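Below is one structure, written out as structure tokens; the observations come after it.
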Amino acid sequence: MEKIMLCAVAGIVFIGFYALYVSLIKKKNRLKESASGIDVQLKKRYDLIPNLLTMAAKYMEHEKNLMEEITKLRSDAMAVNFATNPTQKIELENMLNHKINDFKLSAENYPDMKSNQTMLTAMESMNEVEEHIAAARRFYNANVTELKNAVEIFPSSLVAKLIGIKDEMPFFTADESAKKEINAAGFFK
Amino acid sequence: MHESDNITRLRNGFETYYNNVLLPKFAQVEVERQKYLRYFIWGLVIVFVILPLVCGGFFFVFWVNRSVKVDIPAEVIFFSLLVIIAIIASPLHIFKSKSKKRVMPELIKYFGDFSYEYERRIDEDTLDKSHLFNAYNRHSGDDYFSGTYQNVQITVSEEELLYHTSNGKRSSTTTVFDGIVIILSMNKKFSGQTVVFKDWGIFNTFHKLGCGLQKIALEDSVFEKEFEVYGSDQLEARYLLTTAFMERMLKVRNAFHGRKIQFSFFDDKLLIAINTGQNMFESTSIFRSTTDRRMVDETFEQIVSIMAIVDILKLNKNPGL
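Chains as they are written, first to last, in the working numbering: chain D, 1 to 189; chain B, 1001 to 1321.
Structure, rendered in structure tokens:
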């Protein structure tokens, strides 16, 4: 009888352990997937930036420095992968965001450019891509929270330690300047 | 809730539109109304005065002459009663149909480039695709109008979905949905599906089983308390349901005073199902003079509240702005 009881308890413990193990692995993989999703979305923006700057260069001659800074930051950010080096990528992305916002603000001073149809389309695409980036960021942050909770809360924290899963990935938070709303509506009047 | 400039403009201009365009239509309808009201009253007189007298006469004849026996089957009596009810009610139906066909196209044109069809309904394929409705086998709809408001394509229809079961002796009918369905073109392109159900608490699993989509956990706690979101793509759902858009959806919910309201994003469209449980867009009644503004104003407000959804959700604005 005792043996049966012991086996039953061991069975329950094993099933519990396995369920927590599966859940942790799923959370870890989902986080990886969402991290690579951010890279995909960011790449779309990297592809758009050169076109936008080429078009803007015709009008915004006085903003040459700003455009050069954006080009350099883009190259730097492109060289780093979010899934492998998230902290550095977030830092570079926030700097790039900051400069793009400055660019959008400066663009307000060039009415000729604002009325250019190609420029309008490019800005629309940029806004669209930024919405996708925001969505990817939210999905990633939701997954970071899930894994963090699982790694820190008992009993899954115990299983996480045993199999070596850590909450290494940071939250992708936009810096304060990037959070400020840009009045790009001027482009679409 | 703060009203948008578009809605204020609509309200301000309606009085002039009513006097110039709608009033002449209502004058024509008033003549018809009086005619059909007379038919209706005559029907009542025939059924409740003349028919009982005739029946009484027959009864008296048979009572005097008891040797004649007449055995009328119950089915014949039941069928005759149905026919009588249908005859009495027919002026009401005919008037409703005629007045709606005459007045509603003009009323709806006030809101933009809209067309109105009284007897049309939203196709079942679209309703099924939305995943918002449980199984149904009876579908009726009316007051279908579609057009463009603020560059947003809108289709609206009053729909009733029923589930009827019968096992020979017993039959029962359950109302699956009774309200309005609104289909709006979206200002964002997407390929998957995102469904926003009303939160059912511990019964939310039924939503998941019903739609076969994955649960989308969103960060807005107020929104999450009210709704339960499922989607085919986690990223796309968040692209559609931005924090700002979730706030706007809550505003729409509040605008309809807590009626059961659910949303489904698919085929680049947003389908909104509002369970009103009442007959909407009734701008005339056979029992009320068409010069009585109350019903017209009520219908106007109902349509305004639908158009306001476009403004609240900012579907006429470029995304991200």
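Virtual Cβ for every residue (Gly too), placed ideally from N, Cα, C. Here the structure is a predicted model, which means the values were calculated and not measured.
Check                                                                                                                                   : Outcome
Segment contact, 8 Å Cβ cut-off, at least three pairs: the stretch 106 to 126 of chain D with the stretch 45 to 60 of chain D           : yes
Span separating the alpha-carbon of D/Asn183 from that of B/Ser1185                                                                     : Caution applies to D/Asn183, whose pLDDT of 45 falls short of 50 and renders its modelled position unreliable; the value that the coordinates give is listed next. Distance between the alpha carbons of D/Asn183 and B/Ser1185: 25 Å.
Backbone CA spacing between B/Pro1091 and B/Tyr1039 [nearest angstrom]                                                                  : 6 Å
Rounded straight-line distance, which links the Cα of B/His1164 to that of B/Gly1179                                                    : 18 Å
Beta-carbon contacts of D/Val258 that lie in its chain and below 8 Å, excluding the five residues immediately before and after          : Because chain D is modelled from 1 through 189, residue 258 of chain D falls outside the range shown and cannot be assessed.
Residue ranges of each beta strand (DSSP E) within the stretch 1199 to 1270 of chain B, 3 or longer                                     : 1214 to 1216, 1227 to 1231, 1260 to 1266
Given B/Asn1151 as reference, the closest of B/Arg1248, B/Gly1212, B/Phe1266, B/Asn1006 once Cα atoms are compared                      : B/Asn1006
D/Val80 - DSSP class collapsed to helix/strand/coil                                                                                     : coil
Own chain, CB closer than 7 Å to D/Thr71, minus 5 neighbours either side, in chain order                                                : Leu53
First through last residue of the beta strand (DSSP E) which encompasses D/Ile196                                                       : With chain D running from 1 to 189 in the structure shown, residue 196 of chain D is simply not present.
Minimum Cβ-Cβ distance from B/Gln1150 to chain D less than 8 Å                                                                          : no
Rounded straight-line distance, which links the Cα of B/Ile1154 to that of B/Gln1302                                                    : 15 Å
Inter-stretch contact (C-beta, 8 Å, three-pair minimum) for the stretch 1187 to 1202 of chain B and the stretch 1161 to 1177 of chain B : no
Exposure label - B/Asp1123; buried when at least 16 CB within 10 Å                                                                      : exposed
8 Å CB neighbourhood of B/Tyr1017 in its chain, flanking five on each side removed                                                      : Tyr1110
Length of the line joining the Cα atoms of B/Val1083 and B/Ser1097                                                                      : 20 Å
Under 8 Å between C-beta atoms of B/Val1176 and B/Gly1231                                                                               : no
Amino acids of chain B, ordered along the chain, whose beta-carbon sits closer than 9 Å to that of D/Gly37                              : Gln1234, Leu1235
Assigned exposure category for B/Glu1015 - 16 Cβ within 10 Å defines buried                                                             : exposed
Anticipated Cβ contact below 8 Å, D/Leu66 with D/Asp102, distance rounded                                                               : 6 Å
Proximity below 8 Å, CB of B/Ile1216 to CB of B/Gln1234                                                                                 : yes
Unbroken stretches of the alpha helix (DSSP H), 4 residues or longer, contained in the stretch 1096 to 1178 of chain B                  : 1124 to 1129
For D/Asp47, the first and last residue of its enclosing alpha helix (DSSP H)                                                           : 2 to 57
7 Å Cβ cut-off: residues of chain A touching B/Arg1238                                                                                  : Here the protein chains are D and B, and chain A is not one of them.
Inter-residue Cα distance where the pair is D/Glu130 and B/Gly1013                                                                      : 39 Å
Residue environment, D/Ile49, which counts as buried when at least 16 other CB atoms sit within 10 Å                                    : buried
DSSP state of D/Pro170 mapped onto helix, strand, coil                                                                                  : coil
Residue-level contact to chain D via CB, B/Ala1217, 8 Å cutoff                                                                          : yes
Burial state of B/His1131 (16 or more Cβ within 10 Å)                                                                                   : buried
Distance between D/Glu152 and B/Asp1311 (C-alpha atoms, nearest Å)                                                                      : 44 Å
Proximity test, Cβ basis, 8 Å: D/Lys189 and chain B                                                                                     : Note that D/Lys189 scores 37 on pLDDT, short of 50, meaning its location in the model is unreliable and no value can be drawn from it.
Whole-Å CB distance - B/Phe1026 paired with B/Thr1299, under 8 Å assumed                                                                : Not quite, the Cβ-Cβ distance comes to about 12 Å (not below 8 Å), so this is no contact.
Residue environment, B/Gln1278, which counts as buried when at least 16 other CB atoms sit within 10 Å                                  : exposed
Terminal residues of the alpha helix (DSSP H) in which D/Glu146 lies                                                                    : 117 to 152
Which listed residue (B/Leu1315, B/Ile1094, B/Ser1285, B/Phe1266) has its alpha carbon closest to that of B/Met1249                     : B/Leu1315
Where B/Thr1242 meets chain D, residues with beta-carbon distance less than 8 Å                                                         : Glu131, Ala134, Ala135
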